[in-house]
Amino acid sequence: MAIAQAPIAARPAPPVPQGGRGAWVWARRELFGSALSSASTLLALGLLIWLGWGLLRWGLLNAVFGADLPACQAARGQGACWGVLAEKGRLVLFGRYPLAEQWRAEAATALLLALIGASGLRRCWRPWLLPLWIAGLALVFALLRGGVAGLSGVATDLWGGLPLTLLLATLGIALAFPLAVALALGRRSELPAIRTLCVLYIELLRGVPLISLLFMASFLFPLFLPVGQTPDVLLRVLAGIALFAAAYLAETVRGGLQAIPRGQVEAAQSLGLGWWVIQRRVVLPQALALVVPGIMNSFIGVFKDTSLVTIVSLYELTGALGLALNSDADWRPFMLEGYLFIAAIYFAGCFTMSRYSLWVEARLARSRAR
Amino acid sequence: MTEPLIRFDRVNKWYGAQFHVLRDITLDVAAGERIVVCGPSGSGKSTLIRCVNGLEPYQGGRLTVAGETLGDDVRALERVRRQVGMVFQQFNLFPHLTVLENLTLAPIFAARESRAEAEARALQQLERVRIADQAHKYPLQLSGGQQQRVAIARALCLRPRVMLFDEPTSALDPEMIQEVLDVMIELAGQGITMLCVTHEMGFARAVADRVILMDEGQIVETAPPAEFFDRPQHPRTRDFLSRILGH
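So the protein sequences, as listed, match chains C and L. Residue numbering for the first sequence follows my numbering, starting at 33 and increasing by one per position. Residue numbering for the second sequence follows my numbering, starting at 58 and increasing by one per position.
Right, dumping it as structure tokens:
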């Protein structure tokens, strides 16, 4: 029996299944499809409204915004006391930095933020970015430290709040990253001595909590040095953060290195390229691009870990909050509002970093379009 | 008689302590000679040509390439590698660089040429493999055949005296094999020394000066293609040919 065959092209394409369009149709189908579904939708909605209303009342409607202590105390339990920020905000943001010199801390913070922002822009990825950073950091230090250009000296243990958090995080990351790359490469080296050293370093540093490292940097380390020869506490703590972060970051980078096929290195070797050029031009660009999410993870970790330096009496954002409120019995009950404030600052920083990492990933994916 | 460009003198190589992958290899390759190496898989043919540019170290005997003895001297090795181009089965192009950047990397960073000079010659080489219009694409945007032609152009950019081909068509879809072979045939006509591991017997017959059969790490038979294919001396050659030619 002959089967009549219609040419394939003549057959009409089956319609794409249509499930209706529009928010209303979608909601009817997904949220109120059955009795159970309708009930749970209404329950969840009710809960959301109740929570939202409570937050709105506490945070906005019943809240006290002025630095008015009696009003704040009257509103306790019913409304937030944002007045605590009006009263103590300066201390939280700048710690023990002398009040008369506060403009210097503000200028240093603005400068750091501008540098960080500029580094994120593609059109600033030029050879002058590194000298710009060095000059910028020198200026930040001059501003904060004083002792030059007629500025009065401010000892580093008086630095605090947001500028200290930013400084520790940026420098910690900037120092940890190259060290991490070196450690990751070293751990894959063919020379047993270098490999062993890198493994030892990574395992040792990952094996202790950051807090204990900071303690050592702050209290133990000076004991081994002659009196008066101890480097500044800020530098010691910074070294502790950077060395610690590098150990974690090194393993992330190594993960990327291991994903690069052997053939890439062989092809580069067969072209007569030396080890350094192969790593710099062939292996690392590909390996780092693979582990952008992991790297950003570590960066965010460093940013938040800076809050641990409080333990050795450096009052960055978190420490400065405690400093501002613990010593003042009147305002101490409003710690929650203070914590919400710095939580918002940390969140803004972390969220920006995570969005930025997504942008970098998308850009890398585009340049490797297949 | 002039000094051979490549001289294997009783070269031996082991993988680990057990596996004797090259056994007493003795082979002279004159400048301009085109040699095809074939043999069953695991016979050591890839290892043989990977020794020529030092991708594989060897343990016994002596291997001399362009007057340099290959050994522990890293500088000598890099000098040899700049005179020996290699094309791999899996192309091994650098996926994060454009085609043009793939070609100029070694001239700029190994041979210290200016970017302008390197780019000019890179475009010439791309012209030679008929793919100059793709210079600014990334490798993964090209077909397999195009990628392998880029890889050949990349190896040619350092103006090597020797070209090594390690099964250059084995990873290609059948319809792309010929475009790569055409480029290789053209190259063979231009006097460059070639060592080529391949199963393309038509190519071997057309361009090779000598065909070598390897089995179990040894060179079993060496002969000009006419003799090799029509009057093979060794039973293992006859056996291999009957299997690969499918009679």
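All residues carry an ideal CB built from backbone N, CA and C; glycine is no exception. Quantities reported herein were computed from a predicted structural model and do not represent experimental measurements.
| In chain order, what residues of the same chain have a beta carbon less than 7 Å from the beta carbon of L/Arg136, not counting five sequence neighbours either side? | Glu125
| query | Expressed to the nearest angstrom, what Euclidean distance is found between the alpha-carbon atoms of C/Gln296 and L/Val264? | reply | 29 Å
| query | Between L/Pro281 and the rest of its own chain, which residues show a CB-CB distance below 7 Å, the 5 nearest in sequence each way excluded? | reply | Excluding positions up to five away in sequence, the list reads Asp266, Arg267.
| query | Any chance the segment 201-208 of chain C sits against the segment 301-314 of chain C, with 3 or more Cβ pairs inside 8 Å? | reply | no
| query | Contact between the segment 126-133 of chain C and the segment 343-356 of chain C: three or more CB pairs below 8 Å? | reply | yes
| task | Could you tell me the distance, in whole angstroms, from the CA atom of C/Arg227 to the CA atom of L/Gly201? | result | Going by the C-alpha atoms only, they are around 38 Å apart.
| C/Cys104 and C/Gly115 look like a contact to me (Cβ under 8 Å); what is the Cβ gap, rounded to whole Å? | 5 Å
| said: For a contact defined as C-beta to C-beta under 9 Å, what are the partners of C/Val305 on chain L? | reply: Looking at the sequence shown, residue 305 of chain C is not Val but Leu. Those are Glu135, Arg138, Leu162, Ala163, Phe166, Ala167, listed as they occur along chain L.
| Cα-Cα separation between L/Gln144 and C/Gly272, rounded to whole angstroms | The residue you asked about is not Gln; residue 144 of chain L is Val in the sequence shown. If you take the alpha carbons of L/Val144 and C/Gly272, they lie about 48 Å apart.
| query | So what's L/Asp130 in DSSP terms, helix, strand or just coil? | reply | coil
| query | First and last residue of the beta strand (DSSP E) that includes L/Arg80? | reply | 76-86
| Could one say the Cβ of L/Gln193 lies closer than 8 Å to chain C's Cβ atoms, at least one of them? | It should be noted that the sequence gives His, not Gln, for residue 193 of chain L. Answer no: the Cβ-Cβ gap between L/His193 and chain C never drops below 8 Å.
| Is there contact here, the segment 278-296 of chain C with the segment 217-237 of chain C, by at least three beta-carbon pairs under 8 Å? | yes
| message | Quick check on L/Gln146: does DSSP put it in helix, strand or coil? | response | DSSP, read as helix, strand or coil, puts L/Gln146 in coil.
| Given that a residue counts as buried once 16 or more other Cβ atoms are within 10 Å of its Cβ, and exposed if not, what is L/Asn149? | Classification for L/Asn149: buried.
| Would the beta-carbon of L/Ile209 be found less than 7 Å away from any heavy atom of the ligand ATP? | Within the structure as shown, the ligand ATP is missing, as the structure has no ligands at all.
| field | Residue from L/Gly142, L/Asn110, L/Arg139 whose Cα sits closest to the Cα of L/Asp129 | value | Residue L/Asn110 is the option with its Cα nearest to L/Asp129.
| field | Backbone CA spacing between C/Tyr371 and C/Asn329 [nearest angstrom] | value | 23 Å
| query | Can you name the residues that DSSP bridges to L/Asp223? | reply | L/Asp223 is bridged to L/Val254.
| Partner residues on chain C for L/Phe222, Cβ-Cβ distance less than 9 Å | Neighbours of L/Phe222 on chain C: none; closest Cβ ~12 Å, over 9 Å.
| Would C/Cys156 be called buried (16 or more neighbouring beta carbons within 10 Å of its own) or exposed? | exposed
| query | Going by alpha carbons, who is nearest to L/Gln328 out of L/Arg216, L/Leu183, L/Met220? | reply | Outside the displayed span of chain L (58 to 304) sits residue 328 of chain L, for which this structure offers no information.
| request: At 9 Å on the CB atoms, spell out the chain L contacts of C/Glu298, in chain order. | output: Arg107, Leu112, Met143, Phe145, Asn149
| message | My output table needs one value for C/Met33: the three-state DSSP class, helix, strand or coil. | response | Its pLDDT being 47, under 50, C/Met33 is placed unreliably in this model, and the value from its coordinates should be taken loosely. Note: C/Met33 maps to coil in three-state DSSP.
| Going by other Cβ atoms of all chains shown within 10 Å of its Cβ, with 16 needed for buried, is L/Glu159 buried or exposed? | The residue you asked about is not Glu; residue 159 of chain L is Asn in the sequence shown. Buried, since its Cβ has 16 or more Cβ neighbours within 10 Å.
| Can you check whether the CB of C/Pro210 is closer than 8 Å to the CB of C/Thr141? | Going by C-beta atoms, C/Thr141 is not nearer than 8 Å to C/Pro210.
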